[in-house]
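Residue numbers (my numbering): 67 to 524.
Glycine included, every Cβ here is placed at the ideal spot set by N, Cα and C.
What follows is a set of notes on a single structure, which appears directly below.
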Amino acid sequence: MQDKEAQLPKTNQTQEAPAPVKEEAPAVKKAFDPEDVPKMLEILDKRMNRLLASSLAACVHCGLCTEACHYYVSTGNLEYAPVYKADLLRKIYKKRHDWLGKLFPGWVGGKDLTPEWAEKMYDLIFGACTVCRRCSFNCPMGVDYAAIMGTARYMMAAMNRLPEGLKSTIDVHLQTGNNMGITEEELVETLEWMEEELQAEVDDPDAKIPLNKKGAKYFLTMNPREPKYYPLTIQAEAKILYAAKEDYTISTKYWDATNYCLFIADGAGAKKIAQWQVEDVERLGCEYLLAAECGHGYRAIRWEAANWLGRQPKFKVMAFQELLAQYVQEGRIKLDPSKNPERVTYHDPCNAAKSGGIIEEPRIILRAAVEDFVELKHNRQFSYCCGGGGGALTMTEFAKRRLEAAKVKAEEIAATGAKIVATSCHNCLDQLAEINRHYNLGVEVKLLCELAADALVL
Numbered sequence: 067m068q069d070k071e072a073q074l075p076k077t078n079q080t081q082e083a084p085a086p087v088k089e090e091a092p093a094v095k096k097a098f099d100p101e102d103v104p105k106m107l108e109i110l111d112k113r114m115n116r117l118l119a120s121s122l123a124a125c126v127h128c129g130l131c132t133e134a135c136h137y138y139v140s141t142g143n144l145e146y147a148p149v150y151k152a153d154l155l156r157k158i159y160k161k162r163h164d165w166l167g168k169l170f171p172g173w174v175g176g177k178d179l180t181p182e183w184a185e186k187m188y189d190l191i192f193g194a195c196t197v198c199r200r201c202s203f204n205c206p207m208g209v210d211y212a213a214i215m216g217t218a219r220y221m222m223a224a225m226n227r228l229p230e231g232l233k234s235t236i237d238v239h240l241q242t243g244n245n246m247g248i249t250e251e252e253l254v255e256t257l258e259w260m261e262e263e264l265q266a267e268v269d270d271p272d273a274k275i276p277l278n279k280k281g282a283k284y285f286l287t288m289n290p291r292e293p294k295y296y297p298l299t300i301q302a303e304a305k306i307l308y309a310a311k312e313d314y315t316i317s318t319k320y321w322d323a324t325n326y327c328l329f330i331a332d333g334a335g336a337k338k339i340a341q342w343q344v345e346d347v348e349r350l351g352c353e354y355l356l357a358a359e360c361g362h363g364y365r366a367i368r369w370e371a372a373n374w375l376g377r378q379p380k381f382k383v384m385a386f387q388e389l390l391a392q393y394v395q396e397g398r399i400k401l402d403p404s405k406n407p408e409r410v411t412y413h414d415p416c417n418a419a420k421s422g423g424i425i426e427e428p429r430i431i432l433r434a435a436v437e438d439f440v441e442l443k444h445n446r447q448f449s450y451c452c453g454g455g456g457g458a459l460t461m462t463e464f465a466k467r468r469l470e471a472a473k474v475k476a477e478e479i480a481a482t483g484a485k486i487v488a489t490s491c492h493n494c495l496d497q498l499a500e501i502n503r504h505y506n507l508g509v510e511v512k513l514l515c516e517l518a519a520d521a522l523v524l
């Protein structure tokens, strides 16, 4: 259920995407006030749709979700069990919405929301959950833990009580149009530099990274980490698209693939970001939005945007790894696996696999691009979260806990004997790099497009 202010005006006309309004964001609150309680309960009441109500009511406390959570498996802390974390909101639901709980709250574990209880919720729902949904895949009752956690997170975010790094990332995006505040001049400069590098690598002065090209087939988005810290990722993508002789473009306006409002279930903010991007693709008249290797970004624009906007975009959405797998299967590019001789394993990003359905495409790419590919013990939609999802990488106050919870992932990587860990998400990329350093794994972490670009035969 979306906020009222998130609903679209009644028009289907595509307009020029509005420029973000720069304004000073208020500082985050350090604690809950008693005045917050009725406001948070009002939000809970407004969001009490059938999905949330059934997920709060259906749990039978069987505990099958416990072993699904990387926080619990890595630490053994029972407070990290999904059922315990969900019960923080479920107890309030029972006292407020369950008929028996209204009459005899003690019988069903009903509880009043207090500032102290809200603080406990804050600590566990932000600091011990990445909203990966692995618990839901193991729940025999079909409980959607993401719906529960998202509602609880938004109840807190609406009170301006959320991790400062996460709030800052969202604020910068809403103020500047991308989550790192990269200016158009800075972006163009980086893309022109990568174009020169591409021309040198493929030995073709006519190789281009097209900008703002109207009518291009593909509108390529990027994670801001690429122009800011990983420009060679842009070059790798451009090299693949060059080899496939693809018709694509990059907009210098709304190119950011991310939408961190998804992590706090903020429908109004998520809608605003999605609408900027949708209208920019429609402005250029592209047939596809080609989503960067960004798990939550793909999920946001592919599966969630239509709900936020109240309409289907006038284009199709495809993830870069989906198009890359298609190139491999159709023979549009040729890969030489001997160029990647070391053992490679693959981490499935939660939002791409569990919530996005991109499961076999990465394996099609890896089997063509590397000589020795091995699976992690838990893979595909049953892969353990790396620990970087749900905005966790922005939450510095929970960094120690985040790395402790990554122990199960580190052990699975070590067990494969792999020298390279591939993934298709920038949050996963950075988290896996931290896991590598923290647990001394001695591996290299790469995106799928980088391995494919290394194996290209031009």
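query, result
"Residue 316 - DSSP class collapsed to helix/strand/coil", "strand"
"Where residue 461 falls: helix, strand or coil (DSSP)", "coil"
"Three-pair Cβ contact test at 8 Å for the region 356-366 versus the region 480-493", "yes"
"Cα-Cα separation, residue 395 to residue 110", "48 Å"
"Close beta carbons around residue 99, own chain, < 7 Å, minus the five adjacent residues each side", "181"
"Extent of the continuous beta strand (DSSP E) to which residue 512 belongs", "510-513"
"Delimiting residues of the alpha helix (DSSP H) encompassing residue 97", "Run containing residue 97: none; DSSP gives neither H nor E here."
"Contact between the region 425-438 and the region 504-520 (3+ Cβ pairs under 8 Å)", "yes"
"Boundaries (first-last residue) of the beta strand (DSSP E) holding residue 170", "First-last for residue 170: undefined, no H or E at that position."
"Nearest residue (CA-CA) to residue 274, options 294, 513, 248, 315", "315"
"Secondary structure of residue 524, DSSP reduced to three states", "coil"
"When 135, 261, 120 are compared against residue 213, the one with the closest alpha-carbon", "120"
"Identity of the residues DSSP links to residue 486 by a beta bridge", "410, 510"
"Nearest candidate by alpha-carbon position, reference residue 425, set 409, 444, 408", "444"
"DSSP-derived helix/strand/coil call for residue 137", "helix"
"Three CB pairs or more closer than 8 Å across the region 237-253 and the region 444-455", "no"
"Residue nearest to residue 257 in terms of C-alpha spacing, selected from 346, 466, 292, 270", "292"
"Closer than 9 Å to chain B by CB, residue 135", "Structure shown: chain B not included; a single protein chain is present."
"Alpha-carbon to alpha-carbon, residue 309 and residue 400", "9 Å"
"Minimum length 4: unbroken alpha helix (DSSP H) runs contained in the region 107-131", "116-124"
"Test item: CB-CB of residue 163 and residue 106 under 9 Å", "no"
"Nearest-angstrom beta carbon gap, residue 271 and residue 460 [assumed within contact, 8 Å]", "Contact flag wrong, Cβ pair sits at about 41 Å."
"C-alpha gap between residue 508 and residue 172, whole angstroms", "52 Å"
"Contact between the region 407-422 and the region 186-201 (3+ Cβ pairs under 8 Å)", "yes"
"Nonlocal neighbours in the same chain, by C-beta distance under 8 Å from residue 76, ignoring five residues either side", "Confidence is the limiting factor: at residue 76 the pLDDT is only 32, short of 50, which leaves the residue's position unreliable, though a coordinate-based value still follows. If we look at residue 76 and ignore the five residues flanking it on each side, it has no Cβ neighbours."
"Span separating the alpha-carbon of residue 499 from that of residue 484", "14 Å"
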